[in-house]
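In terms of the numbering used here, the sequence shown has 244 at position 96, counting the first letter as 1, and numbering is strictly consecutive.
Where a beta carbon is used, it is the ideal one built from N, C-alpha and C, also for glycine.
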Amino acid sequence: MKILDEFHVICHNCLHNPVQPMGKLVNGLIAFLVVLSVTVIPLHYLGLEFINLNQNLIIFDKLVVTIFTIEYFLRLWSADKPLKYFISWWGLVDLAAIAPFYLHELGLINNPEIFMLLRILRLFKLGQIFEAERTAIRRSSRGNETHGGFTAFKGECILHVAQKHWIVFLIPLIFCLMITSVALLVLIFLTPISTLFGIAIGVMLLLLSGLMFTKLWLDFNYDLIYITDKRLIWQERELFGAITNEVSYAAISNVKPNDTSFWHWLFKYGDIEIETAAEKGSLIFKSARKPRAAVEFISQQRLQNSGSVRQGQIGVTN
């Protein structure tokens, strides 16, 4: 039972609270599979005229549905409240991604290809903000000192976490889908004409698409600003490595949001500009979700820390 309980915790952390590296890796692989399964939907209609293509698509679809089915039941089993997940919007989206296949196998629907478009809804699920802030604050309140790429001071409390807006992930993802579709078409239609040329072009496009997706996923999930009661921790993740910087409140000369355009107002995102006394002058966290809330937290902590410093100076003088 202990092993089962540990597996339950792992599944819950990976599928419902993916803020640790393992959870983000699992969700990244699932997300890429979702993107790939959506990309091949148009090929199902081409497959009706090409028998070999149709057979390969059926094999691929069975593999995808099997993985999505295992994922769905693991999500249901590891949820804090399984019934709540089952009737939730995202639970229904996960179910809609696999239901057409089984309905077709039972003979209840004739053209599952049309219903495969429901998988597109899972792309919107990829854009949801995982509860990095809630998890970080909860871990901090329990005395845990390790958060992502930094270690908190003893007694240091995390108050807010600034994250990238989902728009920085979903909008470029459309271009990524287009490249993947072109790569698959090249592999299918150019390979018979010139095997080496077709395979080379197709593989290069798939690799390009994979790199783009990886960069988007890292930017969306790993670029964060942790706002604590003592400092700011600025975390950025690249393809090959990570950068973590810290800024004390005493070093901040000004902080302001940049969200004055119509699109910023409509989608509630913008840049956070932090001016410091350092040589670089200012730090800019682009496309943040609700930047004004983050700026308000930073401003409050600047005031509190400056007040503490003044009180300390008065005490020393007396």
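- Message: Restricting to Cα atoms, I'd like to know which of C159, V188, N402 and K312 is closest to S447.
- Response: N402
- Please classify H156: is it buried, with 16 or more other beta-carbons within 10 angstroms of its beta-carbon, or exposed? It is exposed - the Cβ of H156 has fewer than 16 other Cβ atoms within 10 Å.
- Other residues of its chain near H313: CB distance less than 6 angstroms, five sequence neighbours each side excluded: Y417, S435 and R437
- Query: If you check the beta carbons only, do I400 and T424 fall under 9 angstroms apart?
  - Reply: yes
- Message: Would I422 and F415 be called neighbours here (beta carbons separated by less than 9 angstroms)?
- Response: no
- Query: Is it true that the segment 319-331 meets the segment 350-359, where meeting means three or more beta-carbon pairs spaced less than 8 angstroms apart?
  - Reply: yes
- Query: Going by beta carbon distance, what residues of the same chain come within less than 7 angstroms of Y233, once the five residues before and after it are set aside?
  - Reply: These residues qualify, in order along the chain: R223, L224, A227 and G239.
- Work out the CA separation of V212 and I327 for me, nearest whole Å. 20 angstroms
- Nearest to Y220 by CA position, among L231, I206 and I246, is which residue? I246
- Would you report the Cα separation of I277 and F445, rounded to the nearest angstrom? Note that I277 scores a pLDDT of 47, beneath 50, so its modelled location is shaky and nothing firm can be said.
- Taking I373 and Q449 to be in contact with their CB atoms under 8 angstroms, please state how far apart those CB atoms are, rounded to whole angstroms. Wrong, their Cβ atoms sit about 12 angstroms apart, outside the cutoff.
- Item | Spatial neighbours of W413 in its chain, beta-carbon cut-off 8 angstroms, leaving aside the 5 residues before and after | D407
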